[in-house]
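Okay, so here's the structure we're looking at.
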Amino acid sequence: MTPARRLVAALLVALLAGQSAPVLAQQRAPGARPADNTDEGGIWAAMDKAEIDARASADVNRDPQLNAYVKGVFCKLAPEYCGDVRIYVMDRPYYNAAMAPNGYMEVWSGTLLRARSEDELAFVLGHEVTHYAENHSLQTWRAMKNRAAAFLGVQVGAALLGAAAARSAGTAEGARAALDTAEGVSNVIYLGTIASLFRFSRDNETEADRLGMQRAVSAGYAADTGVGMFKALQAETKASQFFRVRNSERRLNIFGSHPLTAERLKQMETLAPMATPDDPADRRAYRARIRPHLAAWIRDDMRRKDFGQSLHLLDQLAADGEDAGILGFYKGEAYRLRRETGDLERARAAYQAASAHPDAPVQTWRELGEAHRKAGDKAAARGAFTTYLERAPQAEDRWLVEATLAKL
Ligand SMILES: [Zn+2]
0 MTPARRLVAA
10 LLVALLAGQS
20 APVLAQQRAP
30 GARPADNTDE
40 GGIWAAMDKA
50 EIDARASADV
60 NRDPQLNAYV
70 KGVFCKLAPE
80 YCGDVRIYVM
90 DRPYYNAAMA
100 PNGYMEVWSG
110 TLLRARSEDE
120 LAFVLGHEVT
130 HYAENHSLQT
140 WRAMKNRAAA
150 FLGVQVGAAL
160 LGAAAARSAG
170 TAEGARAALD
180 TAEGVSNVIY
190 LGTIASLFRF
200 SRDNETEADR
210 LGMQRAVSAG
220 YAADTGVGMF
230 KALQAETKAS
240 QFFRVRNSER
250 RLNIFGSHPL
260 TAERLKQMET
270 LAPMATPDDP
280 ADRRAYRARI
290 RPHLAAWIRD
300 DMRRKDFGQS
310 LHLLDQLAAD
320 GEDAGILGFY
330 KGEAYRLRRE
340 TGDLERARAA
350 YQAASAHPDA
360 PVQTWRELGE
370 AHRKAGDKAA
380 ARGAFTTYLE
390 RAPQAEDRWL
400 VEATLAKL
């Protein structure tokens, strides 16, 4: 939006609301840092501290190629902020990304794993940089402070900022603890993310979707990316094995504070009524970028213990027939760990299918042997265990497999 149009829009909003002094949103000047003695400077100082904690987190993905790739996409979308924004890829299995006002951004591996092409990554990054460019956190902060001042005095604002800073400092630990228990997942993660410090208004969120999409389109990405992405999020939410997740769109959704997926989908469908023709080459190129982390990220996803969603995700990842060995192995793992009626047979079939592909991890044969053994097929179990030992002669569990073989 041009400054002139923004002014007109702000005036209109103010007139409709019957206010006399409209607060104009100002786009952030690249390279600018607020003075320390301003409210914005205070927010930045708190975020600088949160960033130091994030940088030290064990979850930070330090693969230079992956980091350069994500940053490269960002700089295509927002060249003016390329030097201002520091992106941290965090190995955390949720669809999440967050932008702090001091230029510190987190992109979680769950987002990179679920994106089907660079277009989707670009849409997410475009959304986040819009929060930054439009100073949404400052708007939110000031609105919060005004509300607080009306009732309790300005000091409340300072106390809230202190609490926010303390909460952000606990983010990484909270997130890690949450990963260990399925129960904690929905409670801690979503409250603990940096995004929750600034509960952007719905207007801010829809603006971030709209302007983020404009940035993506200007950089050559598909206009209907948001439509496909939100539909995919809805489908994965429905695939959850937990009733409360299926019935709460916010659970899987990026950043707990974002408006419901359905509402955002509706806006994207209005903005991009035409579907962009699908290009499998785009998906292949994107997969090549994330392939080195595919197995680790899927393993992390399984730790959420929502096998309904993990299986759905594995099917999505397998749609183009790539990585059939890795994906088939983890499909087997999902069934094995879920242990519902019939899952042993499903796991056995998945391992069997995976073993036909050259990229199957060596553990496929050990688990296949175990599945055969449990199903009572001793000959097949012997064959699979023998193949495992041939393929992994140095395996740490060799003695165990040999002992099992001896009893078969
Ligand atoms: Zn947002």
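Per numbering that gives the first Met the number 0, residue 0 is the first one in the sequence shown, and the count goes up by one each step.
Quick reminder that beta carbons are idealized off the backbone N, C-alpha and C, glycines included.
### Sequence-distant residues of its chain with Cβ nearer than 8 Å to residue 401 (five each side left out)
388
### Query
Are the Cβ atoms of residue 94 and residue 109 separated by less than 7 Å?
yes
### Query
From residue 230 to residue 403, what distance separates their C-alpha atoms?
46 Å
### Task
Check whether the Cβ atoms of residue 80 and residue 29 lie closer than 7 Å to each other.
yes
### Message
On the DSSP bridge list, what partners appear for residue 86?
### Response
104
### Local Cβ density within 10 Å of residue 60, reported as buried at 16 or more and exposed below that
buried
### Query
Smallest Cα separation from residue 342: which of 307, 56 and 362?
Its Cα nearest to that of residue 342, the residue 307 stands out among 307, 56 and 362.
### Task
Pick helix, strand or coil for residue 267, following the three-state DSSP scheme.
helix
### Three-state secondary structure assigned by DSSP to residue 402
helix
### Query
When every heavy atom of ligand 1 is checked, does at least one fall within less than 6 Å of the C-beta of residue 204?
yes
### Task
Using a Cβ-Cβ cut-off of 7 Å, state whether residue 216 counts as contacting chain C.
The displayed structure is made up of one protein chain only, and chain C is not part of it.
### Query
By the 10 Å Cβ neighbour count, where 16 or more other Cβ atoms means buried, how is residue 407 classified, buried or exposed?
Residue 407 is exposed by the Cβ-count criterion.
### Query
For ligand 1, any of its heavy atoms closer than 6 Å to the Cβ of residue 132?
no
### Message
My assumption, with CB atoms under 8 Å, is that residue 410 sits in contact with residue 40. Please give the rounded CB distance.
### Response
Because the chain here runs from 0 to 407, residue 410 falls outside it and cannot be looked at.
### Task
Since I believe residue 319 is in contact with residue 273 (beta carbons under 8 Å), could you give me their beta-carbon distance rounded to a whole number of angstroms?
Contact flag wrong, Cβ pair sits at about 23 Å.
### Query
Is the region 298-312 touching the region 268-283, taking contact as three or more C-beta pairs under 8 Å?
no
### Task
Spatial neighbours of residue 352 within its chain, please: CB distance less than 6 Å, with the 5 preceding and 5 following residues excluded, ordered by chain position.
327
### Query
For the alpha helix (DSSP H) that residue 212 lies in, which residues bound it at each end?
201-217
### Euclidean distance between Cα positions of residue 213 and residue 335
44 Å
### Message
Taking only three categories from DSSP, how would you classify residue 97?
### Response
strand
### Proximity winner among 124, 91 and 398, relative to residue 103 (alpha-carbon distances)
The closest CA to that of residue 103, considering only 124, 91 and 398, is found on 124.
### Query
In chain order, which continuous runs of the alpha helix (DSSP H) of length 4 or greater are located wholly inside the region 272-359?
279-289, 293-301, 306-316, 323-337 and 342-353
### Task
Check each candidate in 396, 135 and 369 and name the one with the smallest Cα separation from residue 205.
135
### Query
Cα separation between residue 189 and residue 260?
At residue 189 the pLDDT is 33, less than 50, meaning the model places this residue with poor confidence; the figure from the coordinates comes in the next sentence. A direct Cα-to-Cα measurement between residue 189 and residue 260 gives close to 16 Å.
### Task
Can you give me the start and stop residues for the alpha helix (DSSP H) that residue 411 sits inside?
What the structure shows of the chain is the stretch from 0 to 407, and residue 411 is not part of that stretch, so it cannot be assessed.
#### Entry: For residue 391, three-class secondary structure by DSSP
coil
### With 16 other Cβ atoms within 10 Å as the buried cut-off, status of residue 242
exposed
### Rounded separation between residue 368 and residue 379 - CA only
It is roughly 7 Å from the alpha-carbon of residue 368 to the alpha-carbon of residue 379.
#### Entry: Residues that residue 59 bridges to, as DSSP identifies them
89
### Task
Buried or exposed for residue 217, please, with buried defined as at least 16 other CB atoms from any protein chain shown within 10 angstroms of its CB.
exposed
### Query
Ends of the alpha helix (DSSP H) at residue 47?
From DSSP, the alpha helix (DSSP H) with residue 47 extends over 38-54.
### Burial state of residue 392 (16 or more Cβ within 10 Å)
exposed
### Query
Taking 6 Å as the cut-off, is the CB of residue 207 close to at least one heavy atom of ligand 1?
yes
### Task
Could you name the residues of the same chain whose beta carbon sits closer than 7 Å to that of residue 171, not counting the 5 residues immediately before and after it, in chain order?
With a pLDDT of 39 at residue 171, under the threshold of 50, the predicted position of this residue should be treated as unreliable, though the coordinate-derived value follows. Excluding residues within five positions, the ones whose Cβ falls inside 7 Å are 52, 53, 56 and 58.
### Query
The alpha helix (DSSP H) with residue 370 in it runs from where to where?
362-373
### Task
For residue 316, I'd like the list of residues in its chain whose CB is within less than 6 Å of its CB, leaving aside the five on either flank, ordered along the chain.
326
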